[in-house]
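Residue numbers (this note's numbering): 78 to 713.
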């Protein structure tokens, strides 16, 4: 057994530890929490009434449900979640019908079901929705790791050795230099490296450096060489963005996956949508229509009929089956044609084993968000590909791992991190196009060795505010104000109402200084879900804040990949024990700080956070390069 295979055996052990941890936590919560608590915590919507029902693309049934209690409150549901829909009025029947969240808009949720028929009993009323543990993801990751581990004398075995640092990273030099209009030198070099790599290319894209732009450009070059490539991302949102950008770049794109998890903006690129507008589908529909007519005619014969009637019924059923076979045959040929003519097939990591592409191999697989993906998930598309492109930023959000034991034993270390650690050739995108250089500065020094440069177009930009004292970077210190953190009601998370009071006053003052015609986009974020919940509810109830346009409140994780003109960060932690807990995940803070384009305002207690080297350095940076303020200036 090679060192790589031993490493994968260890990975399988950690995967099982994580699966057990997640399953036990979910089951324990759902078993012990009352309906009222699940509703309050946002794990259940109940009661919910049906607003709309029907059949979507692919003829899958859907329901649009609206919760009628706990309205306006935050919850744990998001697009793509697996759920179960139930009715409390079913006597002697506790079935919960599985489905997936298509979209959520306020207190309304669209759930698409995996069955062919819409559950009839849901019309009885008192419907509810529960969040469900996703066992399938663990099963597919385990299967992928086992297949990679057991590979012998094939391309997967070769890639395994390279990716795990036990094989040589090889390149075949091109006889030309890649210079693509609109790309900067580091982006062009990244594209060149992708084309020249024989096995693995690694693209390190810090915030705002145009990683997606680079990958799209590389994809356009790759399809000139190869008929078809695979493009994957960890999340559906990232896969949708890639599909949209590749489509706009002029490629023939096929977005593969569960329709309930694909955004409306790229529905046109799905197989179901392309089939629905294909001229030959008229033939398929006609076959199916005639087959249904024959079945209906055959169904008119009752149980007691003679030989002639029986023969007639059998003949009708035989014709119906023949037409159905013809319909499937034509549809299958259409599916094959659409697949064959697609230059870029885009999906999530798990979606790369979708039934429509299950048996396909690809000359190249681009894997975006590789620094957020658990290693077992990354192996899924590797199994189907001859060359791998890993793209991401190990200094932003890490993979989500629930088990402390699994983290301690290395489960959160990603494949792209292993490339960086093993001295592989890595292409750093070094010019950022998002934020003022003062906002970028601290992250650049702490995480990226000062290698990033702000593009001239954003280097000095700031809000067009009337106040000459306005500064792109501000730290508001709450030390000495008595704003200690508190535990949220019925929650292990934390909130800090006093900190939000300061934020509110600062925001209202700033809003009065910015010219209305500029209408800046504003984000308020926090590492703590309970603080986000508190702030959301406060904004909704506040007659002044609720009038501010383009104001979004959410967790740091939810802001990954997004940006705003103004970002407020509420750090929350303030306690005599000087514990910072969740804040010690500095990569999460890197994400938070780099969401801002023109103004970043951080609010926290220097006495609590200042003992940590990261935050001590941040405080020093804000004093030297930014504006360091006291919260007393914002207490009315």
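Glycine residues also receive a C-beta, built at the ideal position from the N, C-alpha and C atoms.
Residue i lies in the beta strand (DSSP E); which residues open and close that run?
{"i": "residue 675", "result": "673 to 681"}
{"i": "residue 204", "result": "204 to 208"}
{"i": "residue 445", "result": "442 to 445"}
{"i": "residue 454", "result": "Run containing residue 454: none in the beta strand (DSSP E); it sits in the alpha helix (DSSP H), 452 to 459."}
{"i": "residue 705", "result": "704 to 707"}
{"i": "residue 332", "result": "330 to 332"}
{"i": "residue 657", "result": "No beta strand (DSSP E) holds residue 657; DSSP gives it neither H nor E."}
{"i": "residue 503", "result": "503 to 505"}
{"i": "residue 465", "result": "465 to 469"}
Straight-line CA distance for residue i to residue j?
{"i": "residue 211", "j": "residue 684", "result": "41 angstroms"}
{"i": "residue 221", "j": "residue 333", "result": "19 angstroms"}
{"i": "residue 445", "j": "residue 468", "result": "5 angstroms"}
{"i": "residue 460", "j": "residue 230", "result": "14 angstroms"}
{"i": "residue 170", "j": "residue 204", "result": "In this prediction, residue 170 has a pLDDT of 47, which is less than 50 and means its spatial position is unreliable; what the coordinates show is noted afterwards. Spanning the two alpha carbons is a distance of roughly 14 angstroms."}
{"i": "residue 518", "j": "residue 646", "result": "17 angstroms"}
{"i": "residue 317", "j": "residue 426", "result": "13 angstroms"}
{"i": "residue 662", "j": "residue 369", "result": "60 angstroms"}
{"i": "residue 554", "j": "residue 223", "result": "51 angstroms"}
{"i": "residue 430", "j": "residue 458", "result": "8 angstroms"}
{"i": "residue 549", "j": "residue 709", "result": "20 angstroms"}
{"i": "residue 289", "j": "residue 320", "result": "11 angstroms"}
{"i": "residue 466", "j": "residue 298", "result": "14 angstroms"}
{"i": "residue 405", "j": "residue 673", "result": "52 angstroms"}
{"i": "residue 526", "j": "residue 410", "result": "54 angstroms"}
{"i": "residue 185", "j": "residue 142", "result": "6 angstroms"}
{"i": "residue 448", "j": "residue 487", "result": "14 angstroms"}
{"i": "residue 712", "j": "residue 492", "result": "48 angstroms"}
{"i": "residue 547", "j": "residue 342", "result": "38 angstroms"}
{"i": "residue 314", "j": "residue 702", "result": "35 angstroms"}
{"i": "residue 438", "j": "residue 671", "result": "37 angstroms"}
{"i": "residue 552", "j": "residue 292", "result": "35 angstroms"}
{"i": "residue 453", "j": "residue 355", "result": "37 angstroms"}
{"i": "residue 330", "j": "residue 474", "result": "28 angstroms"}
{"i": "residue 654", "j": "residue 152", "result": "31 angstroms"}
{"i": "residue 523", "j": "residue 282", "result": "16 angstroms"}
{"i": "residue 312", "j": "residue 339", "result": "10 angstroms"}
{"i": "residue 147", "j": "residue 138", "result": "27 angstroms"}
{"i": "residue 408", "j": "residue 81", "result": "43 angstroms"}
{"i": "residue 415", "j": "residue 346", "result": "11 angstroms"}
{"i": "residue 163", "j": "residue 335", "result": "22 angstroms"}
{"i": "residue 30", "j": "residue 419", "result": "The chain is shown only over 78 to 713; residue 30 falls outside these bounds and no answer can be derived."}
{"i": "residue 687", "j": "residue 161", "result": "45 angstroms"}
{"i": "residue 254", "j": "residue 412", "result": "38 angstroms"}
{"i": "residue 618", "j": "residue 296", "result": "47 angstroms"}
{"i": "residue 478", "j": "residue 309", "result": "21 angstroms"}
{"i": "residue 385", "j": "residue 123", "result": "56 angstroms"}
{"i": "residue 677", "j": "residue 600", "result": "10 angstroms"}
For residue i and residue j, which I take to be in contact (beta-carbon distance under 8 angstroms), what is that distance rounded to the nearest angstrom?
{"i": "residue 216", "j": "residue 228", "result": "Not a contact, Cβ separation roughly 19 angstroms."}
{"i": "residue 652", "j": "residue 561", "result": "6 angstroms"}
{"i": "residue 503", "j": "residue 279", "result": "5 angstroms"}
{"i": "residue 421", "j": "residue 300", "result": "7 angstroms"}
{"i": "residue 605", "j": "residue 659", "result": "7 angstroms"}
{"i": "residue 579", "j": "residue 680", "result": "6 angstroms"}
Starting from residue i, trace the alpha helix (DSSP H) both ways and give me its first and last residue.
{"i": "residue 668", "result": "663 to 670"}
{"i": "residue 493", "result": "492 to 498"}
{"i": "residue 84", "result": "80 to 109"}
{"i": "residue 351", "result": "348 to 353"}
{"i": "residue 485", "result": "481 to 485"}
Length at least 3, wholly inside the segment 112 to 193: the beta strand (DSSP E) runs in chain order: Entirely contained in the segment 112 to 193, the beta strand (DSSP E) runs reaching 3 residues are, in chain order, 121 to 132, 138 to 144, 159 to 164, 174 to 182 and 185 to 190.
Hey, which unbroken runs of the alpha helix (DSSP H) at 4 residues or more fall wholly within the segment 254 to 325? Complete alpha helix (DSSP H) runs here, min 4: 262 to 273, 288 to 302 and 313 to 325.
Kindly confirm or deny that the segment 524 to 535 and the segment 506 to 515 touch, where touching means at least three C-beta pairs closer than 8 angstroms. When Cβ pairs closer than 8 angstroms are counted between the two stretches, the segment 524 to 535 is seen to touch the segment 506 to 515, the count reaching three or more.
Check whether the segment 235 to 247 touches the segment 179 to 190, taking contact to mean three or more Cβ pairs, one atom from each stretch, closer than 8 angstroms. Contact fails: fewer than three Cβ-Cβ distances are below 8 angstroms.
Mind listing, in chain order, the continuous alpha helix (DSSP H) runs of no fewer than 4 residues lying wholly within the segment 512 to 551? With a minimum length of 4 residues, the continuous alpha helix (DSSP H) runs that stay inside the segment 512 to 551 are 514 to 524.
Considering only residues of the segment 565 to 651, which uninterrupted alpha helix (DSSP H) runs meet the minimum length of 4 residues and lie entirely inside it, listed in chain order? If only uninterrupted alpha helix (DSSP H) runs of at least 4 residues are considered, those enclosed by the segment 565 to 651 are 574 to 590, 606 to 618 and 633 to 636.
Validate contact between the segment 115 to 122 and the segment 269 to 285 using beta carbons, cut 8 angstroms, 3 pairs: Contact between the segment 115 to 122 and the segment 269 to 285 is absent: fewer than three C-beta pairs spanning the two stretches fall below 8 angstroms.
In chain order, each alpha helix (DSSP H) run of at least 4 residues that lies wholly inside the segment 370 to 420: When DSSP assignments are scanned along the segment 370 to 420, the uninterrupted stretches of alpha helix (DSSP H) that are 4 or more residues long and fall wholly within it turn out to be 384 to 417.
Is it true that the segment 383 to 398 meets the segment 299 to 311, where meeting means three or more beta-carbon pairs spaced less than 8 angstroms apart? Result no; under three Cβ-Cβ pairs closer than 8 angstroms.
Mind pulling the alpha helix (DSSP H) runs of 4 or more residues that sit fully within the segment 214 to 254? Counting only runs that start and end inside the segment 214 to 254, the alpha helix (DSSP H) elements of at least 4 residues fall at 232 to 240.
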